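Using UniProt numbering, the first residue of the sequence shown is number 1, and each one after it goes up by one. Glycine included, C-beta positions come from ideal geometry on N, C-alpha and C. Bear in mind that the values here come from a model prediction, so they are computed numbers and not experimental data.
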Amino acid sequence: MPAERAGYTVTMFVIDVGPSMGGLRTHDPDGNELPQEITNLQWGLQFVKLKIQEMIFNGRKTDQCGVILFGSDKTRNIVNKRMKDGYERVEEYITIAQPNAATLAKLDALVPSDEPGDALDAVIVAVETQDTHLASKRTWTRKMMLITDGDSPIEVEDLPETIKRINSLNIAVTIVGIDFDDEEYPYTQDDKSHIKRENEFFYTRFIEGLDHGVVGTCAFALREIARPDIKFTKSTLMGTTLRLGDTQSRPEEAIEINIKTSKCTALNRPKSWKKFGIRKKIPADDISDEGEQDEMDVDDPARPPKKVNFVQLKMHTEYYVDRRDHNSEDDVKIEEQEAQLEENEDEDLTGTNKIAPGLEQVDKETLIRGFKYGTTYVPCPDGQFDRLPTTKGIDICGFFPAKNFRRELSMGEIQYVWGDPSQPEQQVAISSIAQAMYEKNVMAIARWVSKDGMDAKMGVLAPCIDEGVDCLLWAQMPFADDVRKYTFASLDNLVSKKGEVLKEHPYLPTEKQLEVMDDFVDAMDLMNAGEKDDDGNRGPWFDTRLSYNPAIHRIKQAQFHAAVVSDLNVNPVPPPHPELLTYFEPPRRVLKRARDAIEACKAEFKVKQVPKRVARARNDGHVHARDDDDEMLLLDVKAPLRISQSQSALGASPANKAKAKAAETDGSATEDDSDAEDLLAASAKPSAAADAPRPDKRGHNPLPTPARSISPEIDPARAPGRIIGATRPLDDFSANIARGDMVSKAVEDLGVVIIEIVMRPFASRRHAELMQCLETLRDTCLKEDEIDAWNTFMKDLKDKCTSEPGNRQFWAEVRTVGRPMSLISDKEAEEHGGTSDVSESGAIKFLD
């Protein structure tokens with residue numbers, strides 16, 4: 001098949017609308033329940049509408065389609081009209097043209113008919129209709145897509161001639177079957193009719209005879225059409241001139257080369273959203289004979305509801321001048337208010353803006369454009385300053401070593417610079433320059449002017465030596481005045497106020513700290529974290545060819561879905577395609593490999609989680625608002641500082657004194673304690689003057705202590721550095737596993753919390769809860785490849801429970817459950833793709 005051009009394609013959709021397509025379905029082939037009950041026809045039309053929506057999205061006039069129906073109540077096609085007979089119940093529903101929103105609306109109006117039609121007749125009609133339309137466009141790409149459930153009888157007499165005709169026209173055929181058997185998906189329908197079984201065999205034989213054809217099930221086609229794809233475009237060659245040297249003063253020493261430029265890369269952004277508003281206009285139907293508006297009772301079923309018309313909003317700007325005498329701060333406020341008024345102009349079609357007092361509206365013609373220069377404005381009566389007398393072309397200003405190129409200064413898109421394809425000598429000249437630059441390992445500073453008199457752009461030219469062709473690559477760079485240079489103090493050279501160079505300081509890393517950080521960085525290496533190749537070697541984890549911009553493709557998916565379904569509340573946007581989420585989470589093997597390095601860094605750098613800053617009450621009753629920057633990591637915060645904060649926030653009640661004393665004994669405060677203190681400081685309000693707390697000796701009013709039930713989210717029993725608390729361990733564990741970012745940490749912390757609770761007095765009250773935790777923890781370790789962590793935890797739990805004082809009653813309950821609560825053996829691990837050093841017999845004997 002010849003290379004496909006972007007656009008220049010006619011796709012014929014052949015759709016079965018026979019009675020069998022009216023069958024209802026509530027689940028997809030995977031057994032998942034659909035948002036609403038739909039027919040087989042609606043199920044297949046989703047594929048058609050998504051393909052047509054892709055054409056509308058690309059917006060190419062040369063991307064056209066047509067729709068042929070078989071099983072229709074009407075007979076309207078060019079073959080029947082030409083032969084005056086045959087090809088009954090085949091209708092050319094939509095003529096070949098560029099699709100638009102009306103095309104989707106016509107597809108939504110389709111309903112199953114009463115009698116079936118012949119699929120092969122519809123294919124022949126589609127081939128002839130497409131060939132008639134492309135009679136003078138032989139280079140266009142031809143495609144055909146047949147959507148059917150295969151339950152309609154087919155006359156196969158004309159099959160060989162049809163296959164020969166399709167191959168001669170180079171038509172690519174795709175058959176999308178409703179509930180067809182598909183090994184690649186995979187799916188197999190057991191209770192299919194005899195007709196459908198024979199038709200599936202016919203379609204398979206039909207595709208095998210074609211040069212370009214494929215057949216598959218509808219569910220697989222819908223999944224593949226949601227896969228992110230890259231839009232390839234062919235850039236137009238633009239002619240210009242490449243100059244080296246002074247062509248005006250010294251033309252004998254200068255070179256001029258005729259070149260063509262085209263885009264190498266193009267920036268792509270998500271589709272923008274347009275603003276629409278309700279047109280506030282009284283429809284003609286709502287005007288009574290007396291000329292007054294007829295007030296309709298919305299509860300009156302006899303009256304049809306008013307039609308709501310939406311119109312796209314267009315921006316227009318109004319200018320206001322402040323005639324009053326204000327200082328600079330007031331002027332800034334006025335300018336901000338004006339900008340807000342201009343934005344609100346778009347949101348109300350009939351309303352009027354509220355203008356601040358003292359502002360006077362002026363016409364745009366009375367204003368003069370000015371450009372800000374420092375703190376002043378430079379007026380420009382003509383709207384812009386005189387342009388430089390520039391000449392179209394690219395001028396090479398000089399060369400520099402490629403190693404000095406600062407890639408971070410590149411300003412975006414890359415352009416190809418080719419020799420003129422119609423002039424071989426120009427191609428040789430460009431190739432010579434590119435080869436010389438490549439051998440010398442240099443790049444060129446160039447000045448590009450797109451048209452005579454236009455502003456110049458500065459950039460660099462780099463050689464591109466490819467197989468069979470040599471060219472240059474252009475990248476725009478900023479002017480020297482646009483580059484901001486910021487200086488910072490040295491990070492490894494500290495000088496005291498006395499001028500002494502410090503060798504040891506908390507800000508200077510030690511050799512041990514540098515070593516553990518190097519180990520941590522090496523552990524996060526992704527170059528060998530990918531899948532294994534045929535030789536068993538792992539490759540890089542990240543592949544730019546398989547990575548997609550989530551914003552572009554997710555918005556595109558939402559737009560397509562909204563155009564296909566009729567009710568977003570009943571049928572919301574489905575989740576993103578798995579290919580779009582490939583690189584959202586780091587590989588687990590790297591996280592597991594870096595676990596020891598992370599712990600070493602925490603221990604060496606003494607990283608601790610510091611409670612949030614507590615807001616203190618001021619004499620005037622104001623409270624300092626907590627800033628987002630308050631949440632930070634400090635290297636070594638002493639416990640007495642946190643205790644003093646807790647005491648000042650909680651007041652001097654006996655219960656709070658006991659809590660502060662407990663914190664002093666423990667030597668640390670938890671993050672949730674600080675949350676409780678912050679909540680007390682921010683939300684406590686005295687209900688009456690009589691209940692107001694009495695001031696202390698310094699005249700300060702202590703904050704009242706609210707009830708413990710004020711915030712059920714606070715867990716004071718969570719130790720520092722843990723993500724699992726002792727109050728609701730199973731809920732904390734489930735929440736962390738659902739996020740999937742710290743599985744190993746959650747497994748480790750839950751095991752420690754279970755052992756702590758088991759060894760406490762009166763632990764029997766929570767035995768049932770702990771058994772649920774064990775069951776969930778074992779299941780998670782088996783699925784998340786944390787088998788060694790479970791086996792180590794169970795051995796530790798057995799030692800603690802069977803030793804003195806221990807908890808033999810809890811261990812007896814574990815033994816009562818039996819084998820499902822024992823160690824994970826190698827046999828179990830293999831079933832879930834893991835490994836274990838415990839045999840099956842060893843796991844059974846463990847509970848004895």
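Taking buried to mean at least 16 other C-beta atoms within 10 Å of its own C-beta, is Ala135 buried or exposed? So Ala135 ends up on the exposed side.
Is the beta carbon of Glu224 sitting closer than 9 Å to the one on Phe560? No, the pair does not count as a contact, with Cβ atoms beyond the cut-off.
From Pro805 to Leu514, what distance separates their C-alpha atoms? Per the coordinates, the alpha-carbon of Pro805 lies some 44 Å from the alpha-carbon of Leu514.
Kindly indicate which three-state DSSP category Ile154 falls into: helix, strand or coil? Coil, per DSSP.
By how many angstroms is the C-alpha of Val17 removed from the C-alpha of Lys556? Between the alpha carbons of Lys556 and Val17 lies a gap of roughly 29 Å.
First through last residue of the beta strand (DSSP E) which encompasses Phe47: Taken as a continuous stretch (DSSP letters only), Phe47 belongs to no beta strand (DSSP E), being part of the alpha helix (DSSP H) at Asn40 to Asn58.
Simplified DSSP state of Cys380, which is helix, strand or coil: For Cys380, the three-state secondary structure derived from DSSP is coil.
Our contact map puts Arg243 next to Glu256 with C-beta atoms below 8 Å; I'd like the distance itself, whole angstroms only. About 5 Å separates the two Cβ atoms, so the contact holds.
Tell whether a beta-carbon distance below 9 Å holds between Arg554 and Pro576. Here Arg554 is near Pro576, since their CB atoms are less than 9 Å apart.
Any idea what DSSP makes of Asp481, helix, strand or coil? In the structure shown, the three-state DSSP call for Asp481 is helix.
Return the Cβ separation of Gly213 and Val176 in integer angstroms, given the expectation that the two are a contact with Cβ distance under 8 Å. With a Cβ gap of about 12 Å, Gly213 and Val176 do not count as contacting.
Count the other CB atoms within 10 Å of the CB of Lys51; is the residue buried (16 or more) or exposed (fewer)? Under this definition Lys51 is a buried residue.
In this structure, what does DSSP give as the bridge partners for Gly818? Beta bridge pairing from DSSP links Gly818 with no other residue.
Quick one, are the C-beta atoms of Val838 and Asn791 less than 9 Å apart? If you check the CB distance, Val838 and Asn791 come in under 9 Å.
Count Cβ pairs between the segment 56 to 66 and the segment 208 to 222 that sit closer than 8 Å; are there 3 or more? Taking a cut-off of 8 Å for Cβ pairs, the segment 56 to 66 and the segment 208 to 222 do not touch, as fewer than three such pairs fall below it.
Have a look at Arg765 and Asp732 and give me their C-alpha separation to the nearest angstrom. When the Cα atoms are used, Arg765 and Asp732 turn out to be separated by approximately 20 Å.
Member of Gln609, Lys795 and Val758 whose CA lies at the smallest distance from the CA of Ala719: Nearest Cα to Ala719 within the set Gln609, Lys795 and Val758: Gln609.
So within the segment 218 to 285, which uninterrupted alpha helix (DSSP H) runs reach at least 4 residues, ignoring any that extend past its ends? Restricting attention to alpha helix (DSSP H) runs no shorter than 4 residues, the segment 218 to 285 encloses them at 218 to 225, ordered along the chain.
Residue interval of the alpha helix (DSSP H) (run including His133): In this chain, the alpha helix (DSSP H) harbouring His133 covers Ala119 to His133.
Please list, in chain order, all residues of the same chain as Lys61 whose beta carbon is under 6 Å from its beta carbon, the five residues on each side excluded. Cβ neighbours of Lys61 beyond the five flanking positions: Gln98.
Looking at chain D, is there any beta carbon in it that lies within less than 9 Å of the beta carbon of Cys65? Any reference to chain D falls outside this structure, which holds one protein chain only.
Could you spell out where the beta strand (DSSP E) holding residue 853 opens and where it closes? The structure shown does not extend to residue 853, since the chain spans only 1 to 848, so no value can be given for it.
Would the segment 404 to 416 and the segment 256 to 276 be scored as touching if the rule is three or more Cβ pairs under 8 Å? Inter-segment contact for the segment 404 to 416 and the segment 256 to 276 is present: three or more beta-carbon pairs are separated by less than 8 Å.
Whole-angstrom distance between Ala843 and Val752, CA atom to CA atom: Distance between the alpha carbons of Val752 and Ala843: 22 Å.
Is Gln476 helix, strand or coil when you go by DSSP? Gln476: strand per DSSP, three-state reduction.
Taking contact to mean 3 or more Cβ pairs, one atom from each stretch, closer than 8 Å, check whether the segment 155 to 170 and the segment 116 to 125 are in contact. Contact check between the segment 155 to 170 and the segment 116 to 125: three or more CB pairs, one atom from each, fall below 8 Å, which counts as touching.
Segment contact, 8 Å Cβ cut-off, at least three pairs: the segment 136 to 155 with the segment 198 to 205: Look at the beta carbons and you see the segment 136 to 155 touching the segment 198 to 205: at least three pairs across the two are nearer than 8 Å.
Identity of the residues DSSP links to Met144 by a beta bridge: Looking at the DSSP output, Met144 shares a beta bridge with Met12 and Val173.
Considering only C-alpha positions, which residue in the set Ile737, Val48, Lys440 and Asp796 is nearest to Ile755? It is Asp796 whose Cα lies nearest to the Cα of Ile755.
Per DSSP, what kind of secondary structure is His194 in: helix, strand or coil? Correct three-state label for His194: helix.
If you count every other CB in all the chains shown that lies within 10 Å of the CB of Asp567, and 16 or more means buried, which is it? In the assembly as shown, Asp567 is an exposed residue. Its beta-carbon has fewer than 16 other beta-carbons within 10 Å.
Enumerate in chain order the residues of its own chain whose CB-to-CB distance from Ile38 is below 7 Å, with the five nearest sequence positions on each side excluded. Here the set comprises Arg25.
Just the Cα atoms here: how many angstroms apart are Thr599 and Lys498? Contrary to the premise, residue 599 reads as Glu rather than Thr in this sequence. A straight line joining the alpha-carbon of Glu599 with that of Lys498 spans about 38 Å.
Asp182, enclosing beta strand (DSSP E) - first and last residue: Premise fails: Asp182 is in no beta strand (DSSP E) and is neither H nor E.
Could you check the C-alpha separation between Pro301 and Tyr8 for me, to the nearest Å? Residue placement at Pro301 cannot be trusted, given a pLDDT of 39 that sits under 50; what the coordinates show is reported in the next sentence. Straight through space, the alpha carbons of Tyr8 and Pro301 are spaced by roughly 51 Å.
For the alpha helix (DSSP H) containing Val758, name the first residue and the last one. From DSSP, the alpha helix (DSSP H) with Val758 extends over Val743 to Val758.
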